[in-house]
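Peer 1: In the numbering used here, the protein residues as written are 98 to 161.
The beta carbon of each residue, even a glycine, is placed where N, CA and C say it ideally should be.
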Amino acid sequence: MKSDVIDIAVQIHARTDRAILASDDGDKDKAVWLPLSQVEVEIGQGGTATVTMPEWLAIDKGLV
98 MKSDVIDIAV
108 QIHARTDRAI
118 LASDDGDKDK
128 AVWLPLSQVE
138 VEIGQGGTAT
148 VTMPEWLAID
158 KGLV
């Protein structure tokens with residue numbers, strides 16, 4: 098099985114020890130929880146970040 102990873106620009110709304118609450122459009126009502134065990138987060142400015150994750154996870158969470 099092929100494991101593609103993708104980068105997505107997101108707004109981070111909350112963070113716990115195990116996950117981040119993020120949205121791709123800045124709308125907290127549409128934000129999804131992403132497990133930190135499955136993503137890499139590169140924090141930007143103003144609460145933005147680039148998240149690297151498996152493509153299947155991005156599809157499952159509705160980010161692509």
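Alpha carbon to alpha carbon, how far is Leu133 from Asp121? Give it in angstroms, no decimals.
Peer 2: Straight-line Cα distance between these residues: approximately 17 Å.
Peer 1: How long is the line joining the alpha carbons of Gly159 and Leu131, rounded to whole angstroms?
Peer 2: 11 Å
Peer 1: From Ile103 to Asp114, what distance separates their C-alpha atoms?
Peer 2: If you take the alpha carbons of Ile103 and Asp114, they lie about 23 Å apart.
Peer 1: For Asp126, which of helix, strand or coil comes out of DSSP?
Peer 2: helix
Peer 1: Would you mind reading off the limits of the beta strand (DSSP E) that contains Asp104?
Peer 2: Val102 to Arg112
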